[in-house]
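Undergrad:
In the UniProt record's numbering, the protein residues as written are 1 to 90.
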């Protein structure tokens, strides 16, 4: 993706090539858009900075919630807020 396409609270997908036959799909939430990189939060709640070229595409908020419910159960919402949305980055 391009840096100008990204905005805070956007949900995005990154494709990770593990070197094996099957890669992996990673989910991120955009927290902050910098001048060259993007601050994101992954599925486990870890935060870090990535270059936008790593991010593949945007996914719908509803689809993100469905995937998180399937993989992490409904308790992930209590860690993030009532509706599963993260609070805005300072």
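C-beta atoms are modelled at their ideal positions from N, C-alpha and C, and glycine is treated no differently.
All values derive from a computational prediction rather than experimental measurement.
Are there three or more Cβ pairs, one per stretch, closer than 8 Å when the region 32-41 is compared with the region 3-20?
TA: yes
Undergrad: In the DSSP assignment, what residue or residues form a beta bridge with residue 41?
TA: By one-based count along the chain shown, residue 41 stands at place 41. Answer is 29, 47, bridged to residue 41.
Undergrad: Using DSSP bridges, identify the partner residues of residue 55.
TA: Position 55 of the chain shown, counted from the start, is the residue given in the question as residue 55. According to DSSP, which records beta bridges pairwise, residue 55 is partnered with 14.
Undergrad: Could you spell out the range, first to last residue, of the alpha helix (DSSP H) harbouring residue 63?
TA: As a working mapping, residue 63 is identified with position 63 in the chain shown. Run containing residue 63: 61-72, per the alpha helix (DSSP H) assignment.
Undergrad: Does the Cβ-Cβ distance between residue 41 and residue 13 come in under 8 Å?
TA: The residue labelled residue 41 in the question sits at position 41 within the chain shown. The residue labelled residue 13 in the question sits at position 13 within the chain shown. Result no, Cβ atoms of residue 41 and residue 13 do not sit closer than 8 Å.
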